[in-house]
Each structure stands twice: as structure tokens, then as C-alpha cells.
Amino acid sequence: ETAKLTVTGASTLAPLVSEIAHRFENANPGVRIDVQTGGSSRGVADVRRGIADIGMVSRVLKPDEDDLTVNIVARDGVGMIVNTANPVDPLSRDQVIGIYTGRITNWSQIGGPDRPITVVNKAEGRSTLDIFLEHVQLKPTDVKAHIVIGDNEQGVKVVAGNPWAIGYVSIGTAEYHAQAGTPVRLMALGPVVATTGNVANGTYGAARPLNLVTAKPPEGVAARFIAYSQSPAVHDLIHDQYFVPAPR
Amino acid sequence: MSIDALRRRRTARVVDAAVWGVPAITVAALAWLLADVVWHGAGQIDLAFLTTAPRSAGRAGGIAPMLVSTAIVVAIAVAVALPLAVGTAVLLVEVLPPSASAGRWIRRSLDILAGMPSIVFGLFGNLVFCTMLGMGFSLLSGGLTLACMVLPILMRAAEESLRGVPDGCRRGALALGMPRHRAITAVILPCGMPGIIDGLTLGVGRAMAETAALVFTSGYVDRMPSALTDSGRTLAVHVFDLSMNVTGGDRWAYATALVLIGLLLVTAGLLSLASRFLQRKGAHKP
Amino acid sequence: MTNLHAVAELHRPPVDEPGPAVPLIRARGVSVSYGARRVLGDVSLDIARGSVTALIGPSGCGKTSFLGCLNRMVDLIPRCRVTGELRLAGADLLDPTLDVVALRRRVGLIFQRPNPFPFSIRHNLDLPLREAGVRRKEPRAAAIERCLRAVGLWDEVHDRLDHAAGALSGGQQQRLCIARALLLDPEVLLMDEPCSALDPISGATVEALIGSLKERCTIVIVTHNLAQARRVADRCALFWLRDGIGTIVEQGTVGQIFHAPKSEITAAYVRGAVA
Amino acid sequence: MTNLHAVAELHRPPVDEPGPAVPLIRARGVSVSYGARRVLGDVSLDIARGSVTALIGPSGCGKTSFLGCLNRMVDLIPRCRVTGELRLAGADLLDPTLDVVALRRRVGLIFQRPNPFPFSIRHNLDLPLREAGVRRKEPRAAAIERCLRAVGLWDEVHDRLDHAAGALSGGQQQRLCIARALLLDPEVLLMDEPCSALDPISGATVEALIGSLKERCTIVIVTHNLAQARRVADRCALFWLRDGIGTIVEQGTVGQIFHAPKSEITAAYVRGAVA
Amino acid sequence: MTSISSRRPAERLFVTGLGLCGAAASLTIVAVIGVTTVEATPALSVAGPQAFLTDDGWFPLSGRFGLMPMILGTVLVSLGGLALAGPMGIVSAVFCNHYAPAAVATAYRLLLKALAGIPSVVYGLWGLVTLVPLIAAWAPPGASLLAGILVLALMILPTVAVVADSAIQQLPPALHRGGAALGMRRHTIAFRVVVPAARSGLATALVLALGRALGETMALLMVTGNLVQYPSSLFDPVRTLAANIALEMAYAQDIHRSALFVSGLVLALLVAAALVVAEVLAPDGTRHVD
Ligand SMILES: Nc1ncnc2c1ncn2[C@@H]1O[C@H](COP(=O)(O)OP(=O)(O)OP(=O)(O)O)[C@@H](O)[C@H]1O
Ligand SMILES: Nc1ncnc2c1ncn2[C@@H]1O[C@H](COP(=O)(O)OP(=O)(O)OP(=O)(O)O)[C@@H](O)[C@H]1O
Ligand SMILES: [Mg+2]
Ligand SMILES: [Mg+2]
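Residue numbers (the working numbering), protein chains in the order written: chain A, 5 to 252; chain B, 6 to 291; chain C, 1440 to 1714; chain D, 1440 to 1714; chain E, 1120 to 1409.
Shown next, in the form of C-alpha cells:
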């Protein structure tokens, strides 16, 4: 059997899906899976236009996207991070709201040293931003940020380089960096401790799904590939990317 | 010694210091940047790194497919853009009269092209080459998109270089009854070759460093390409992916960047050798 | 070897083949302007086939500009405009549709400032030959040696033909450019102060060369050396600035100009200079 | 105005101030090589203060190279090596630590090929003046007019001082370069065929200029025009190629060289050329 | 005047070929702008072109499309970068040609060329990890106009230096010799003779560098802070138009996506405006006389 699948979409998902694809290709000689990136919106658009067989979408699908078939592959929690030099811990939800709306501008206002807070926010449209805003119940226009970033890695580096910055990134990424010695510390967004474990068992709410979407219910190789992606056979790959396998 | 002379001597000192200072600052900044890259990246590099395919999203294995894809994409870009650029430069300098508005418009249009962000080229290339012309995500689409991107650099460098060819050469060739095209190909272009090669070096550098334009065109697939119609990930895209999307990929990103910089140095060195060889073959200055 | 097909092309509007009485070059009321500045006005001159004509006159009076019209080098100077009537063997030289390449093969020009290409000596000479279609190496080498000998440069450079032409001395460069122009055996040779950078020995070589070329080549030479003009030329034309515009004040045989000048200016010029 | 501080700097290793009997320039066994090629060998020559010395000789025998040693222009040619002893007013001209800028202000050079800067005529002349520290505008304008008049160019260009120097005719460019070299009032002026692109009238102007400069300036002139050498020079040196290497075969007063040459080469050269 | 057409077939073919090259080259921009315009049309027609200039704030999902702060940010970062890199690049070129010993010049040239080909993400990482914290320690948040200018200057310096260097190398040596023979000091020759004589080449270098600066994306995205606001000091974050596109394109849909293409279009207009200014300030240089 020879077949070629094109998968496009979110760059967050691309490394994972690419690795899954390699493994799938090895198990199914003759099948070739090309993984391309370009963003979640591209995944949606390409699947709709039939350019791609499968789209990668790293967010909840919007109401107007219910024409697509969604298959969740993994989940990615969002947690607050601060520099390890920052003694303030924990932060209440109100304090986070205060910081992000510009009510609290100095760490001394919440028991830290007298240093101005550098607020790191994500760019308009990013799904982590949506999750964060939803969690703290803010509108995008309410946020008064100092730095706007794109990817998680950028967030980690900003906070690592600025002891008085605060931001929010993927929990898996933050956990990795905390272990690897990067001076960042995870803080919960809400009452549950921010760990990948809590994301996995569903107790940590602030998480986004990482989806594979198709225009029609998948069939043939595409269906097999999606099923494979959701199977325990790829859980090690999901862990490798510091995501959490989706509960089935 | 008069006050005036003293003052003039001081000016000379200040200027000399500035002239040595600028390269010193540049070298220092680059050394700083390079040290960073070497510090983080050198440990990962060995022969296997250069000759095997990546594993674990690039955090193990090597970069062999990326090396090949980069070479192919850059080669396509140069093969397409260089003749176009030199042809256009010749048109502007040797054929169109200096006052011609066509020439001005061509130059302006390329200058604007030079200022478009690479992501726009990426989206453009994706639409035109991948979709409309049906090439899909492929090295070919990537190369063609890059060709559009480096065209302005190559053209401007070539144009400038041709303008610098002394009129004596031009007149000498024409006075010998050389038809214009022969005067251009046999005399004027060889005279302007060093500048064209400098532009080429810049263009190749720009092409090798490009990320955004290629993500949307030559793509992300990290397999060894077997045809021009295959999608392939270039080194710069790999660096970008490792540093931005792959948690824990930093060291490999730096290692890949280091290889890329090494490759650039080799390319620049080879091109300047080629330039010198051409100059020696002909050459000197009038 | 006259470049036959070039002549054929040049003759597009067929005209009566000039007999010996008809001058090869015929200028009537030629004027040259650079932009709004007119530098040459109303020049009329006849040049017979096989003759040597010397153009003399003070600096800046338009001699070089006039030569530039004869092989249309003026085309290369932006904003340069030429008016009047100028014919070569009956063909209109100012015709905008003229095949200037064919014209320039027939009418060679040696520039006032030597302008070797920034290549090796050999390549400087090889180029025009290859251009003229000499494909094989030996005839090219032979032609190169012949022309270098003709200008007295062979002995000086034969052992470094592959060195850069720009490293030659001023006079050597000048002679190299003369040799280069000779390679193509032009029908008319325009020489703009060819001996200005040359010592008397090399100068004499070039003068001898001019003498030997006379049979097959019509020569127009600009020179500031009046003695040289007397030695090599048959006819002579004196350019002079009148109200800032160059023109010919007197022309005639060398004898006339130097011994029986009609105009006072000429008399003064040749006297002052010869003395 | 002699550039006093320049002299002071040049004299770093203090030497006895040359009296009138000591030559201003003293060359002993000077040789010049370009790479492995030796082009000038064993040249010895004395040049007295206030004299005009003509260097004559065939093309390519090293005259320009010798001039290049006198103001260290040879420094700018890669792979050029000079050996021997060369002194200016006692100071060692081949000393690698010599202040060449001060030297070149004292020793001006006019090139064989006119090389105006690609700027306006005025700017060409303004630059060296400003560099020499003339800050105010009026003295600069005055100096420019004086020097342009001295080379007979003022009338031709005074109404277009702001036009490009490159658009001047060959002779005009040459005279512009002479004017430019005069601006700084050099102590020694090296002229490499200054009249080669000039018509007799302009040539005469330059010769007159040389005469008038004599009082305050020592002049070394390379010329192919032997008549000119006789007219302007006090002493004369004949360069000649021996086994491919240039050297001086004879030197002496103009009278000696032209009327009582000792060497046969000289006799032949001045005879052949004068004839 | 130069006759463009010729009667010789070979030459005519050659000129036709050149014409095709020129046409293809200028078609590229038409195509790029065309695609951008088509993609930008929905946003332009929904919001109206003036909305992009007058709206306050950039919240495309809430229908606010103000690009003005980003236009200003782009201009400030680019001009700042050019103001640093322009003179430094020209001085570098002078250094290679008139000051450095040959070996040093060769090494330095090679270095510059390598610098020109380092991916922007590497510059960005370097700026983010080393430069921004330095600035942050002094004037938080660190990611700022200043960081953008410094990183950009380093990135475009090679473009200026390499193009300027080849322009200066091409000048006839007679120029340098002429200056030297007049007893000019090295720096006078370099800066009063050589640099002015090479002005047309230097202008090209600056134009190319400006283009690179205006279009630079990834490096700036990482160091400028990307805040949509009018900066009040060098230490304030700004967002550039190019960064805006890269930052939001991945998740943008419909009008948002289309509005990002308007950013691209505005950038093209900005380049055009810069060119007009450049042409007014520095008219075309002429050919060198030899
Ligand atoms: N390209 C040009 N643009 C404007 N003016 C020019 C140009 N070339 C020459 N001229 C002017 O035209 C006049 C005639 O110049 P031309 O070179 O013909 O003189 P010439 O007789 O050859 O002088 P010379 O003996 O000094 O070479 C001069 O005044 C010169 O300044
Ligand atoms: N830069 C150089 N590199 C190598 N050889 C050179 C260089 N300059 C001059 N030469 C050679 O050195 C010799 C002497 O040259 P030079 O220019 O001194 O002669 P010259 O006496 O001035 O001749 P002319 O009267 O023709 O100007 C010539 O054979 C020339 O080819
Ligand atoms: Mg002339
Ligand atoms: Mg000489």
C-alpha cells in the first residue's frame, strides 16, 4: 500500500506529529506523511480547502468550525512563571488580575521587594492567551502588558532574563526548564498546582487541547494515522515533547 | 608647533581611533554572539551530527537532510535570481539611458521588494508557487521564493558594480567595433565581477539564513529529499524550530546554527577566492 | 582586408560609390553641443581616401569632440548632440539608424588617454580578434606579435604578455592601445594625440607606422606637436575657439598651413609654436 | 611659504643643514623592483636647490618609477621595493618611519595621466587648501584664481567652476592638475610629462610657469619633448634600458647633454630626436 | 542619444533578453504587492482604509485596527538601526580599503560576510538572552526600542559594509594616489575624496540596508517587546509591522488575517516613502569618470 498524507497547521504540534509520523511510516512502509507548519489557522484553512488531509490545531475549535472532525491527541497546560529570584509565592487569582490590568505595578504591593513588575503577555489570537484570559476572566483590551511574546520558549527566556517579570507559558515547557536549571519557577493559575501530572489527570483546568482535524470523518490511512496518534503507542513521544496524552 | 597644527593632529588621531574602533566594536559584538553560539552548540557537533537524520524532533541524531535541503534551495535561488539580477542590472546601466523612467521604476520596484518582510514572501510563495502553480511544499517552491527575495540584493549590487566600471573600458570596447552585447559580456561584466560576487555572497547569506519564507514554501519535512518536488527543511528553519517550538532543543539549535555559520564562512571564503582568481586572471585596476 | 560586409551594411541607402575625387569623409556645418553648451560649431572638412590629416589647435577647442563624431563615440555621452552633415563614403554618419558597430570596425579610434582593459596584455589584444571571428589560436598570436612589433612594444613585453596591462608605463599603455586598434585593420584610423605619452624613439616608431599604414588606411590625427604634424600629415586643419565655440579657422595642405597661412591666427599659431 | 613644521618633522634624525653646495636631492644607487622584476637599477643623481632637472629617455625605462621614489608614491604600489640611498635635504627618503604626508606636501607630483577628483573644478582645488588648513573662504578663492591663471585655465573655466572636472577636455584636466599641485606651494615639484596633453600655447604657458617657479621651487620634469627639455631645464639626465633594467646613462648640464654628449647613446638619442 | 534598438539580430536578441529580465524582476514586486492587496482587501473593505490609521489600539478581534503606533515603531527602529549601522558600515569599508593591513582586511571582510548570513533567530536569541537582560537591569522591561535598534544595527551592518566596500574597491587607484600626492592625510583621502567619490555606491548600500531593516522580523520580534504603543523613550517596547505579521499570523483568521496583510501593504508604502525621501536627499550618482 502506498499513500501520502499532508498534515499542516500549528507549529506547537508539528514536532510531535512529525515524530509520530516517522514512527507510523516505519510501521507502514509505503506511507509517506509530510508535516508542514504555518499555524493553527492555516491548518483549519488547508483542511477546508482540501490542500491538507489533516490539520493540526493547538486550541479549542471555534463555533464556526464545527464542520470539521476533531481528534484530540494531547493536552498542554498553561501556568504562570516567574524568575527564581522572585520570592513572591503564591499568587492569588486577584493578584494576577491586578498585575495584568495594571492595578498592581510593583512587587512590593504584594509582599515582594520594591521592584516594578514586567508583565509578559501573549500576542492577540494565540490560544494560550485565550485560555489565560478565560481563566482570569479578562478581555484582551483590559490587559496592560509590558512585553508581548509569541512562543513559549520566548516567554521562558524573557522571564529567565528578567528577575521581576511574570508571564504564562506551557506547563511542560516550564517544567523542563525548571529542571534543566533555567531560573524560572512555575506558579499555578488557580487552586490546583501546575504540573503536567495534574493536567493529565484533568484536575488542572487551564489547558488547551492539541487536535488533529479533518474536513470529513477520516478514512483510510488518515483514519489509521489519527487512531495511531491517539494510541498509547505514541505516549512516549508526547512526553518527549512535554505535552500530556489526552484522556481517552 | 602651532595651535592649528596641534588641532589638526588631534583630529587625525580621533578619526584614526574611530576607524579602528568601529571594526573593533563589530568584531567584539560578533565574538560575543559567536561565543554564545559556540558555548552552547559546539558540544553537540561531531561527524554523526553532520551525516545522520534528526531524531526526537532534532534533539538527537543529526542534520544531514537539512544540509542537503539547504544546498538545493540556495542553489535554485541563485540559479534563478543571479541571471535575472545581472540581466536587469545590465539593462539599467548599459542599455537604458540614465534618464529613462523605465529604469527608475524597475529600480524602485526592486527596492520596495527589498523591504518586504520575509513572512510576506512566504505567504506569497505559498499562494503562487505551492498552490497556483501546483508545486506544493517543495524545494522548488522554496528556491523560487528565495529567488524573489534575494533578487533586489543581487540586482543592486550588480548595478552598482557595473556603474563603477570606468567609462574608458566601455568606450574602448565599443570603439573596437564590439557589438554592445559583446562589449558587455566580454569586457564590462568581467570588470564588474568582484562587485557582483560580493552581492552574491550577501544574497547567499540571506538565503541560507532565511526562515519565515521557507516555512511556508519548502516546508518542514525533515526527511532526506529525493527530488526537487520533495518538501525539505533547511538549516535555518531547523534552528528556528528547535529554538522556538521544541522544548529542550536549544543546544541543538545552537549546534545547527554553528554549522550554518561555518558553512557561510566557507561559502564566503570560496566566493572571495573565486573573485580573486577572476581578478588575477584578467586583471588589475585601470 | 576591408571589412566587406560591414561596408555593405553601412551602405543601406545605396549611394554612388565615391570615386577618387569624392572625399571619403565629408563634413558640412557639423556642430556639437554638450547639453546647452555648444563646443563645436559649423565645421566643414573633406578628407580624401588614403590621406593623413592632422587636426591641430589649442586645448579645449573641440578636436576630440570632432573625432568622436566620426565613429559615433559621441553616442556614449549623454546629452551630447551633433548636427550638420557628416558622410563617410557617402553614407550619412549622423543617421540614427546607422549600424554603429560596423562603422566602428571600419573607423578605429585611439583615445587621448590610454585605456587598456583591466586584463592581461594578451587578453587586451585577443579580445578584438576573437570578436572579429579569428577562432584559431595561431593566427591570433601572429597578429598580436605583428601589431606589437609595429608599435615597438614586442621586445619590451613579449615575456610578460600575461601580466596586467595596467602595470605598464604610460607610454607602453599608449602603444598597447595603438596596437589594439591596428589589429582589426580599420579603413579609417582616428588618432587622438597618439604620441603624447611617447618619447621620441617610440614617437618615431609610431610616425613610421603611420607612413606604412597610408596605403590601406585613411588617418586623422590630432596632435599638439606641430613638427609631427608637418612630418606625417598631407593636410592640416587648425581648430580655434571663437566666442567660446570651437571651429576650423583654416585648412589646407601642410605646406599651405605652415608656409603660407592665410589667416593671421594660423600664422601666429604655427610661428609661436615652431619657434 | 615653506611648510616649516613639515620640514621640522622630516628632519627627525637631525642632520647638518645642507649648504648651497650640498644637493637638495641626492640619489645613490637607487633601484626599484616591482615584485621580482627590477625596472630601475643603480641610479645616482644630484639635484640642486632651485634648479630644473629634465629626465628624458625612452618609454618604460623607469622615469615615472624614479619620480615615485622622490615623494614615496611607490608606497602605494603593492610589491614595489626601493633600495639604495635617497636623501632630501639630508633626510633619508627611504626611511620607513618617515612622515610621508609631510614629505608629499613638500614634494608635489603631477601625474602623467591627469587625475582630477570626480568632483567640481572648485572642489578639486578647495580640498588641498582646506587640508592645508586654510579655513577662510576668501584666501581659498584667491589662491584658486591665482593658480588657475598660472596654468592659463582661468579664462576657460571661471564661469563653470562648479561643473564636474571630468567633463573638461584632456588638456584642461592636465592643467587643472598642475594648478592643484601648485596650490600648496611645494618646495620640490615633480612633473611627469606635464605638457604631453597640451597644445603648444598651453605648453608655453606651463613652460613660462616653470620659469617663474624656479626661484622658490626645485623642479624635476620628465619630458619626451627634447626641445622642451632644452628650453626649461638646467640639467638633464638620460634614462636608458640596459638588459631590461632602466638606469641613467648620462647626466649633465643641458649644454653638455645636447651639444657635447659623452655617451654614444646620448648622442644618438638627442640627434635622432632633434632631427 | 543611445539607440536602444539595433539592427543586429544577436544584439537585438540580447537586448530583448535583458528587457525580459527587467520585466520579470519588476513583475515580482507587482505579484507580491498584488497577492498582498488581494489578501488585504477584506479588512480594507470592512474597516475602511482610514481605520488603520485612526483607530486607537490594535485589537483586530474586537474590530480595532490602529497601525499608527506600529508604523512609528517600524520607522524608529529602522532609522535608529540605520543611523548606527550606516556610518559604521561605511567606516568599516574605509577601514578595509585604507587602514587595515591586507590580511586584517581579508579576515574582516570574511567576518562581515558571515555576519550577513546568520539567521535572524540567532540574532534574536542572542539579543533576548544577553542584551535584553542587560537593559532590563537598568531600565525594565529591557525588551525595547533600544534593544531593537542595537540588534538591527548589528544585522544590517554587513549589508552596508559589504556593498560600500565593493563600491570603494572599484574606484580608480588614481584617486587615492592623487590625494596622497597632494600631501593629504589618510583620513582626508578616505573621507573627503574616496567616500564622496563612491557616493552612489554608498547610497545603494544604505537603501539595501534600509530595506532589510524595514522588513526584518524574527530578531526584532524577540527583542522589541512587541507592545503596540507610541514609545516615549528608547527604553519603551515597540512593535514593528513585520513583527506584527509574524506574531499573529499563526492563529489569525478571516478579518484578523486580512488585517495583517494590510500591515504588509503599509510596510510596502513605507518603503516607497523612504525611497522618495532618499531620492530627494541624494539624487542618482553619475558614472565614475576614469
Ligand atoms: N562630456 C562633456 N560634457 C561637457 N563638456 C565637455 C565634455 N567633453 C568635452 N567638453 C567640453 O567641450 C570642449 C571641447 O572639448 P574637447 O575634448 O573636444 O577638446 P579638445 O580640442 O580635444 O581639447 P584637448 O586638446 O585639451 O584634448 C571643452 O571646453 C570641454 O570642456
Ligand atoms: N605597477 C607596476 N607593476 C609592475 N610593473 C610596472 C608597474 N609600473 C611600471 N612597471 C614597469 O616598470 C617599467 C618602468 O615603468 P615606468 O612607468 O617607470 O616607465 P617610464 O619611464 O615612466 O615610461 P613612460 O615614458 O612610458 O611613461 C616598465 O617596464 C613598466 O612596465
Ligand atoms: Mg582632446
Ligand atoms: Mg611614465
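Note that the Cβ used here is the ideal one computed from N, Cα and C, for glycine as well.
All values derive from a computational prediction rather than experimental measurement.
Next item on the list: Compute the distance between the beta-carbons of Ala169/A and Pro1356/E, then report whether it is under 9 angstroms.
Entry: Numbered from 1 along the first sequence, position 165 holds the residue referred to as residue 169/A. Numbered from 1 along the fifth sequence, position 237 holds the residue referred to as residue 1356/E. Result no, Cβ atoms of Ala169/A and Pro1356/E do not sit closer than 9 angstroms.
Notebook entry, point to check: By the criterion of Cβ-Cβ separation under 8 angstroms, what are the contact partners of Ala62/B in chain A?
Noted result: If you number the second sequence from 1, residue 62/B lands on position 57. Result: Pro19, Leu20, Ser22, Glu23, Asp244, Gln245.
Item checked: Pairwise C-alpha distance: Pro195/B and Ala1280/E -> The residue you call residue 1280/E lines up with position 161 of the fifth sequence. The residue you call residue 195/B lines up with position 190 of the second sequence. Spanning the two alpha carbons is a distance of roughly 22 angstroms.
Notebook entry, point to check: With 9 angstroms set as the bound, which would you pick, yes or no: does the beta-carbon of Leu55/B sit closer than that to a beta-carbon of chain C?
Noted result: As a first step, residue 55/B is located in the second sequence; it is residue number 50 there, counting from the start. Put simply, the CB of Leu55/B is far from chain C, with every gap to its CB atoms at 9 angstroms or more.
Check: Pro1168/E by DSSP, collapsed to three states: which one?
Finding: Here the question's residue 1168/E lines up with position 49 in the fifth sequence. The answer is helix: DSSP assigns Pro1168/E an H, G or I state.
Notebook entry, point to check: the stretch 1244-1266 of chain E: which residues have C-beta closer than 7 angstroms to a C-beta of chain A, in chain order?
Noted result: Those residues of the stretch 1244-1266 of chain E that come within reach of chain A (Cβ to Cβ, closer than 7 angstroms) are Leu1247, Val1248, Val1251, Pro1252, Ala1255, Pro1259, Pro1260, Gly1261, Ala1262.
Item checked: Entirely enclosed alpha helix (DSSP H) segments - the stretch 1571-1605 of chain C, minimum 4 residues -> If we require 4 residues or more, the alpha helix (DSSP H) runs fully inside the stretch 1571-1605 of chain C come out as 1576-1589, 1593-1596.
Notebook entry, point to check: Around the C-beta of Asn75/A, are 16 or more other C-beta atoms found within 10 angstroms, so that it is buried, or is it exposed?
Noted result: Counting from 1 along the first sequence, the entry for residue 75/A is found at position 71. With 16 or more other Cβ atoms within 10 Å, it is buried.
Next item on the list: Run down chain D in chain order and give the residues with a C-beta less than 7 angstroms from the C-beta of Leu1321/E.
Entry: Residue numbering aside, residue 1321/E sits at position 202 when the fifth sequence is read from its first letter. Within chain D, no residue has its CB atom less than 7 angstroms from the CB of Leu1321/E, the nearest being about 14 angstroms off.
Note to self: Please tell me whether Gly1480/C and Glu1524/C are closer than 9 angstroms, where the distance is taken between their beta carbons.
What the structure shows: To locate residue 1480/C, count along the third sequence from 1; it is residue 41. To locate residue 1524/C, count along the third sequence from 1; it is residue 85. In this structure, Glu1524/C does not lie closer than 9 angstroms to Gly1480/C by Cβ.
Item checked: Spatially closest choice to Arg1544/D from Leu1652/D, Lys1701/D, Thr1644/D, Asp1624/D, by CA coordinates -> Within the fourth sequence, residue 1544/D is the residue found at index 105, counting from 1. Minimum Cα distance to Arg1544/D is reached at Asp1624/D.
Next item on the list: Would you kindly check if the distance between the Cβ of Phe245/B and the Cβ of Thr222/B is under 9 angstroms?
Entry: Within the second sequence, numbered from 1, the residue matching residue 222/B stands at position 217. Within the second sequence, numbered from 1, the residue matching residue 245/B stands at position 240. No, the Cβ-Cβ distance between Thr222/B and Phe245/B is not below 9 angstroms.
Notebook entry, point to check: Can we count Glu1632/C as close to ligand 3, meaning its CB is less than 8 angstroms from some heavy atom?
Noted result: Position 193 of the third sequence holds residue 1632/C. Glu1632/C: yes, Cβ under 8 angstroms from ligand 3.
Item checked: Short CB-CB distance (under 9 angstroms) between Leu1537/C and chain B -> Residue 1537/C sits at position 98 when you count from the first residue of the third sequence. No, its Cβ sits nowhere closer than 9 angstroms to a Cβ of chain B.
Note to self: Here's a check: name, in chain order, each residue in its chain whose Cβ is nearer than 8 angstroms to the Cβ of Asn87/A, leaving out the five neighbours to either side.
What the structure shows: Working through the first sequence from its first residue, we reach residue 87/A at position 83. Listed in chain order, the non-local C-beta contacts of Asn87/A below 8 angstroms within the same chain comprise Val163, Ala164, Asn166, Pro167, Trp168, Ala169, Pro187, Val188, Arg189, local neighbours out to five positions each way being set aside.
Next item on the list: Under 7 angstroms Cβ to Cβ from Gly147/B, same chain only, skipping five residues before and after it: list those, please.
Entry: Walking along the second sequence from the start, residue 147/B turns up at place 142. Val78, Leu219, Thr222, Ser223.
Next item on the list: Within the same chain, show all residues whose beta-carbon is closer than 6 angstroms to that of Ala178/B, passing over the 5 residues directly before and after it, in chain order.
Entry: As a working mapping, residue 178/B is identified with position 173 in the second sequence. Sequence-distant partners of Ala178/B (beyond 5 residues in either direction) whose C-beta falls short of 6 angstroms from its own C-beta, in its chain, are Ala188, Val192.
Check: Residues of chain D with a CB under 8 angstroms from the CB of Val1312/E: which are they?
Finding: To locate residue 1312/E, count along the fifth sequence from 1; it is residue 193. Going along chain D in sequence order, the residues near Val1312/E (Cβ under 8 angstroms) are Phe1556, Leu1566.
Next item on the list: Identify, in the order they occur along the chain, each residue of the same chain with its Cβ nearer than 8 angstroms to the Cβ of Ala1235/E, setting aside the five sequence neighbours on each side.
Entry: Here residue 1235/E refers to the residue found at position 116 of the fifth sequence. Listed in chain order, the non-local C-beta contacts of Ala1235/E below 8 angstroms within the same chain comprise Pro1277, Thr1278, Val1281, local neighbours out to five positions each way being set aside.
Next item on the list: Can you have a look at Pro1557/C and say buried or exposed, based on whether 16 or more other CB atoms are within 10 angstroms of its CB?
Entry: Locating residue 1557/C in the third sequence gives position 118, counting from the first residue. Under the 10 Å beta carbon count, Pro1557/C is surrounded by 16 or more other beta carbons and is classified as buried.
Next item on the list: Have a look at Thr1705/D, Thr1686/D, Gln1611/D and flag the residue whose alpha-carbon is nearest the alpha-carbon of Val1693/D.
Entry: Walking along the fourth sequence from the start, residue 1693/D turns up at place 254. Ranked by how close their Cα comes to the Cα of Val1693/D, the residues Thr1705/D, Thr1686/D, Gln1611/D have Thr1705/D in first place.
Notebook entry, point to check: Rounded to whole angstroms, how far is the Cβ of Ile1374/E from the Cβ of Ala1162/E, which I believe are closer than 8 angstroms?
Noted result: Within the fifth sequence, the letter at position 255 stands for residue 1374/E. Within the fifth sequence, the letter at position 43 stands for residue 1162/E. Between Ala1162/E and Ile1374/E the Cβ distance is about 5 angstroms, and since that is below 8 angstroms, they are a contact.
Item checked: Residue ranges of each beta strand (DSSP E) within the stretch 1468-1506 of chain D, 3 or longer -> Complete beta strand (DSSP E) runs here, min 3: 1476-1486, 1491-1495.
Next item on the list: With a floor of 4 residues, list each alpha helix (DSSP H) that falls wholly inside the stretch 1650-1696 of chain C, ordered by position along the chain.
Entry: Runs of the alpha helix (DSSP H) lying entirely within the stretch 1650-1696 of chain C and spanning at least 4 residues, in chain order: 1665-1671.
Item checked: Cβ of Leu181/B within 9 angstroms of any chain E Cβ -> One-based indexing of the second sequence puts residue 181/B at position 176. Taking a beta-carbon distance threshold of 9 angstroms, Leu181/B does not count as an interface residue toward chain E.
Margin query: Can you tell me whether Leu1449/C is buried or exposed? The criterion is at least 16 other CB atoms within 10 Å of its CB, across all chains shown.
Written below: Against the third sequence, residue 1449/C aligns to sequence position 10. Unreliable positioning characterises Leu1449/C in this predicted model, as indicated by a pLDDT of 42, which lies under 50. The coordinate reading is nonetheless provided below. Buried is the call here.
Note to self: Under 9 angstroms, Cβ to Cβ, is there at least one residue of chain E near Gly1591/D?
What the structure shows: Locating residue 1591/D in the fourth sequence gives position 152, counting from the first residue. Taking Cβ atoms only, chain E never reaches closer than 9 angstroms to Gly1591/D, which makes this a no.
Check: Relative to ligand 1, is the shortest distance from any of its heavy atoms to the C-beta of His1597/D smaller than 8 angstroms?
Finding: For the purposes of this step, residue 1597/D is taken as residue 158 along the fourth sequence, with counting starting at 1. For His1597/D, the shortest C-beta to heavy atom distance toward ligand 1 is 8 angstroms or greater.
Checklist line | Three-state secondary structure (DSSP) of Thr1522/D | finding: Stepping through the fourth sequence from its first residue, residue 1522/D is reached at position 83. DSSP places Thr1522/D in strand when its eight states are reduced to three.
Item checked: Three-state secondary structure assigned by DSSP to Phe134/B -> Position 129 of the second sequence, counted from the start, is the residue given in the question as residue 134/B. Phe134/B: helix per DSSP, three-state reduction.
Margin query: Which residue marks the beginning of the beta strand (DSSP E) containing Leu1537/C, and which one marks its end?
Written below: For the purposes of this step, residue 1537/C is taken as the residue at position 98 of the third sequence. Where Leu1537/C is concerned, there is no enclosing beta strand (DSSP E), given that its DSSP letter is neither H nor E.
Notebook entry, point to check: Would the beta-carbon of Gly46/B fall within 9 angstroms of that of Tyr246/A?
Noted result: In the second sequence, residue 46/B corresponds to position 41, counting from 1. In the first sequence, residue 246/A corresponds to position 242, counting from 1. No; because the gap between Cβ atoms is not below 9 angstroms, this pair is not in contact.
Item checked: Buried versus exposed, by CB contacts within 10 Å (16 or more), Pro1578/D -> For the purposes of this step, residue 1578/D is identified with residue 139 of the fourth sequence, where counting begins at 1. Under this definition Pro1578/D is an exposed residue.
Notebook entry, point to check: Taking Cβ-Cβ distances shorter than 9 angstroms, what residues in chain A pair up with Met249/B?
Noted result: Sequence index remark: in the second sequence, residue 249/B carries index 244 (1-based). What Met249/B touches in chain A: Ser15, Gly154, Asp155, Asn156, Glu157, Gln158.
Next item on the list: Please check the pair Leu1463/C and Ala1541/C, which I expect to be a contact at CB under 8 angstroms, by giving their CB distance rounded to whole angstroms.
Entry: Here the question's residue 1463/C lines up with position 24 in the third sequence. Here the question's residue 1541/C lines up with position 102 in the third sequence. About 16 angstroms separates the two Cβ atoms, so there is no contact after all.
Notebook entry, point to check: Mind checking if Met1207/E is an interface residue toward chain G, Cβ cutoff 9 angstroms exclusive?
Noted result: The structure shown has no chain G; the protein chains it does contain are A, B, C, D and E.
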